[in-house]
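Written out below as structure tokens is the structure these notes cover.
Protein chains in written order, with our numbering: chain V, 527 to 741; chain E, 102 to 584.
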């Protein structure tokens, strides 16, 4: 996983609540057995005017000019601003893979769905929850100022606006640690291998029926 | 000392290690695998030179991509016409074979939707932790198992370490008290709950469903309720153990037998919330007030009574909701204040991990018996949740009831719930669906999904539009008497 320390980038506003993972990456693209290449189909149904299918040449597809990421001013955005309950629905990790592959490093919204939240951090995406009124203000700022960008400092949990105003945010210590150091969860967990073996032996003794094969 | 909730008990029974930063390692007893969310996890294991921690904790079956027509299924994997889907199913077969994981392959009678197969096999047991790379893993909570939907990185993590990194959730209890009216089912209960608390109402919580109306449900009905906990934002849904749970599990292939069964049952009896257990939030519904539900929008919280109307965005509580409603009505092709029973339908889908078990098919067949699917319905399909559900339904003659009424009787799989195979809606088509998500494009590009119970879906297929199944059943009785 790529390390995340500090990121400055342009902001794109996606003014929509309950953005679900079907909308982030539709099911026909989940057939891939790879982790990469999903960016071109991020928000496929909003982004293009035709129906997408795997393996298409995206450069030949008609773009929806009304969709925010198709507008020149937001094309290079790496910070996505969204509304409440972003990422609800299915557990598909293809959703954060697509966002990351497209070029997003940070998503700011009033709230996120639980499974998506977990999945995103495992892929080097930083999700930041801010109060609804602060998010409202950011939407106004972004829309009023072309090229609006934010400076996100994970170590200090601070976001600096172009006018110098600083917003602070919360993040749990473990996720922050993993992101700052680009750490692989599995490697960390296996440092506790002895504790897991120990637990497993006790658990097996107490509840042997949980370790049984079909008869 | 205050009593423990069921969730607290399951959590502490599986806690391997708590870290200072608030995260914990919890031990996982069962992982269910399917073809869509596992290939990258196996690939990750291979790249890191790791082996699965405990092979016998895993059970796999392909479900999302499999075709559902008899003709295609007769050819096994080669019947999968989409080459990309075929690779995914073959990759699951190859991974299970090379790592040594038990798999029910495409034409094994035990194949089916993971969340139907696990309980049916007794591979889901009370007191287990269960994970699967699928958000509807909450289903297994109906057995007092702590069941989480997880992402692919977590699938790999569980394969490699037999543990999940987790943070303890808050406890919510949803009590449904009293008796359901005739024609009102588990699906209506859970849709009514989501309508009440909203699609993010359960975020951060494990929801325990309780109360007399929940106790009165069969295991199939309880699975329907827990299945949709995620549609209320909760990763985990739970129901305490009682006689219904234990009776369902007896003699299942993976369930313990003999003395081990007795010992297990004795412990399972404790898998209920203690009297006086404290919940962070309690929501109560009166079962008698729940009507058959129909979703009108593009989020499961956009749901109302069959006797109701599509809402007017002008009456929404805030701007965000108003925008959501306006966009939903536009996508769904509906007008404010339109009566639900005036919504014309094009297709009907009875199936999915929410509603494809034997009881669901019985309820739908009861409504469809001796009737004909309306002319305006282009396709009405019934997709059993597993090969064993299909076999049972055929033994009861339900397949004949459906076929005579004009429904297609299909082979098991996820099918049109998410339309990864050939079963899908066309642009603008309205579908009465017993599945769990009505998101834009979920059942096909431009498709319009209305979530309902199996009985409501069957009644809608016969009428060609939504009808109140309670009145429908009453008319049916009259006709029978006259004949």
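Ideal Cβ placement from N, Cα and C applies to all residues, glycine included.
For residue i and chain E, any beta-carbon pair shorter than 8 Å?
i                      : result
residue 629 of chain V : no
residue 583 of chain V : no
residue 580 of chain V : yes
residue 571 of chain V : yes
residue 567 of chain V : no
residue 736 of chain V : yes
residue 803 of chain V : Residue coverage of chain V in this structure runs from 527 to 741, which leaves residue 803 of chain V outside it and unanswerable.
residue 539 of chain V : no
residue 650 of chain V : no
residue 552 of chain V : yes
residue 615 of chain V : yes
Leaving out the 5 sequence neighbours to the left and right, which residues in its chain are closer than 7 Å to residue i when beta-carbon positions are compared?
i                      : result
residue 576 of chain V : 587, 588
residue 413 of chain E : 437, 438
residue 301 of chain E : 334
residue 227 of chain E : 244, 245, 246, 342, 346, 369, 372
residue 291 of chain E : 325, 326, 329
residue 635 of chain V : 608, 609, 610, 612, 655, 661
residue 205 of chain E : 162, 211, 212, 218
If you drop the 5 nearest sequence neighbours on each side, which residues of the same chain put their C-beta closer than 6 Å to that of residue i?
i                      : result
residue 518 of chain E : 453, 536
residue 638 of chain V : 612, 613, 653
residue 471 of chain E : none
residue 173 of chain E : 180
residue 584 of chain E : With a pLDDT of 32 at residue 584 of chain E, under the threshold of 50, the modelled position of that residue is not reliable, and no figure is offered here.
residue 514 of chain E : 164, 167, 169
residue 357 of chain E : 365
residue 375 of chain E : 104, 105
Which bits of chain E does residue i rub up against, with CB to CB less than 7 Å?
i                      : result
residue 609 of chain V : 421
residue 546 of chain V : 540
residue 577 of chain V : 546
residue 549 of chain V : 540, 541
What does residue i touch in chain E if you count any residue whose Cβ is under 8 Å from its own?
i                      : result
residue 705 of chain V : Per Cβ cutoff of 8 Å: no residues; residue 705 of chain V is ~13 Å from chain E at best.
residue 637 of chain V : 301, 304
residue 716 of chain V : 261, 262
residue 644 of chain V : 251, 252, 255
Tell me the rounded alpha-carbon separation between residue i and residue j.
i                      : j                      : result
residue 651 of chain V : residue 630 of chain V : 7 Å
residue 123 of chain E : residue 156 of chain E : 29 Å
residue 236 of chain E : residue 463 of chain E : 26 Å
residue 341 of chain E : residue 369 of chain E : 9 Å
residue 141 of chain E : residue 255 of chain E : 11 Å
residue 537 of chain V : residue 404 of chain E : 34 Å
residue 564 of chain E : residue 409 of chain E : 18 Å
residue 384 of chain E : residue 107 of chain E : 17 Å
residue 619 of chain E : residue 646 of chain V : As shown, chain E starts at 102 and ends at 584. That puts residue 619 of chain E outside it, with no answer to give.
residue 294 of chain E : residue 273 of chain E : 13 Å
residue 580 of chain V : residue 590 of chain V : 19 Å
residue 737 of chain V : residue 213 of chain E : 23 Å
residue 700 of chain V : residue 129 of chain E : 21 Å
Which residues in chain V sit within 7 Å of residue i, going by Cβ to Cβ distance?
i                      : result
residue 404 of chain E : The premise fails here: residue 404 of chain E is roughly 14 Å from chain V at the closest Cβ pair, so nothing lies under 7 Å.
residue 205 of chain E : The contacting residues do not exist; residue 205 of chain E stays about 11 Å from chain V at best.
Just the chain A side, please: which residues come within less than 8 Å of residue i by C-beta, in chain order?
i                      : result
residue 166 of chain E : Note that chain A does not occur in the displayed structure, where the protein chains are V and E.
From the beta carbon of residue i, is the nearest beta carbon of chain V less than 8 Å away?
i                      : result
residue 531 of chain E : no
residue 576 of chain E : Unreliable placement is indicated for residue 576 of chain E, whose pLDDT of 49 sits below 50; the coordinate value is still reported in the next sentence. Not closer than 8 Å to any Cβ of chain V, the Cβ of residue 576 of chain E fails to qualify, so no.
residue 521 of chain E : yes
residue 336 of chain E : yes
Just curious, the alpha helix (DSSP H) that residue i is in, first and last residue?
i                      : result
residue 407 of chain E : Here residue 407 of chain E belongs to no alpha helix (DSSP H), and DSSP marks it neither H nor E.
residue 494 of chain E : 488-496
residue 706 of chain V : 699-707
residue 721 of chain V : 719-732
residue 644 of chain V : 640-647
If I follow the unbroken beta strand (DSSP E) through residue i, where does it start and stop?
i                      : result
residue 382 of chain E : 382-387
residue 310 of chain E : 306-311
residue 555 of chain E : From DSSP, residue 555 of chain E is part of no beta strand (DSSP E) but of the alpha helix (DSSP H) over 555-564.
residue 233 of chain E : 230-233
residue 677 of chain V : 675-679
residue 549 of chain E : 549-552
residue 249 of chain E : 247-250
In chain V, which residues lie less than 8 Å from residue i when you measure between Cβ atoms?
i                      : result
residue 368 of chain E : 733
residue 365 of chain E : 733, 735
residue 120 of chain E : 700
What does residue i reach in chain V if we use C-beta pairs closer than 9 Å?
i                      : result
residue 266 of chain E : 644, 700, 711, 714, 715
Kindly list the residues whose CB is nearer than 8 Å to the CB of residue i, restricted to its own chain and excluding five residues on each side of it in sequence; keep chain order.
i                      : result
residue 576 of chain E : Reliability fails at residue 576 of chain E, whose pLDDT of 49 lies under 50, so the model's placement of it is uncertain and the value that follows must be treated cautiously. For residue 576 of chain E, where only same-chain residues beyond five positions count, there are no Cβ hits under 8 Å.
residue 250 of chain E : 232, 233, 234, 235, 236, 237, 238, 239, 331, 336
residue 534 of chain V : 675, 676, 677, 678
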